[in-house]
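What follows is one structure encoded as structure tokens, with my remarks underneath.
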Amino acid sequence: MLKEFREFAIKGNVIDMAVGIIIGAAFGKIVSSLVADILMPPISMLTGKVDFSNWFVSLTGGDYTTLDAAQKAGAVTLNYGLFINAVINFVIVAFAIFLLIKQINRLKREAPAAPAAPPRQEVLLGEIRDLLAKR
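Residue numbering for the sequence shown is 208 to 342, as defined by my numbering.
See the structure below:
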């Protein structure tokens with residue numbers, strides 16, 4: 208069993224997957240920053256300078272100006288603004304991965320294979336035909 212596990216772990220696919228997960232985690236941080244620091248401010252301005260992260264409903268009642276204030280007060284909140292941020296983040300990540308995979312697939316496409324050479328018998332028959340046509 209240990210030998211099988213070692214063979215499995217040493218295979219290239221497992222190592223490639225581990226590298227992909229590590230790079231994916233770093234890529235996720237970059238995309239999260241892109242969403243929070245670059246995209247959300249203009250979107251917030253277009254929607255009347257609203258910060259999605261402070262969109263919430265207090266389930267315990269009370270009136271809080273920010274989500275942080277509600278959480279510090281111990282209120283139970285439904286944080287739909289954070290959900291909106293997560294959905295936007297997901298859409299951007301999915302689109303970026305789509306573009307990346309599309310480019311990889313474009314580069315992987317092989318040139319169409321040349322047609323296979325005709326069988327030797329057909330070549331010989333063609334030569335015989337040509338010789339007979341010359342007579």
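Cβ coordinates follow ideal geometry from the N, Cα and C atoms, glycine included.
- Between the segment 231-245 and the segment 295-305 there are three or more C-beta pairs closer than 8 Å, enough to call the two in contact.
- Of the other Cβ atoms in all chains shown, 16 or more fall within 10 Å of the Cβ of Ala-277; this residue is therefore buried.
- Boundaries of the alpha helix (DSSP H) around Val-300: 287-315.
- A direct Cα-to-Cα measurement between Thr-284 and Leu-274 gives close to 8 Å.
- Around Thr-272, the same chain offers no residue with a beta carbon nearer than 7 Å, after the five sequence neighbours per side are excluded.
- Asp-275: member of the alpha helix (DSSP H) spanning 274-279, first to last residue.
- When only Cα atoms are considered, Thr-254 and Pro-248 end up about 10 Å apart.
- In this chain, the alpha helix (DSSP H) harbouring Val-330 covers 327-341.
- Looking from the CA of Ser-265, the closest CA among Gln-310, Ile-245, Gly-288, Ile-229 belongs to Gly-288.
- Taking 8 Å as the upper bound for CB-CB distance, Trp-262 and Ile-230 are not in contact here, some 32 Å apart.
- Taken atom to atom, the span from the alpha-carbon of Val-242 to that of Ala-225 is near 26 Å.
- Just measuring C-alpha positions, the residue of Gln-328, Ala-280, Phe-212, Leu-307 sitting nearest Thr-267 is Ala-280.
- Looking at the DSSP output, Thr-284 bridges to Ser-265.
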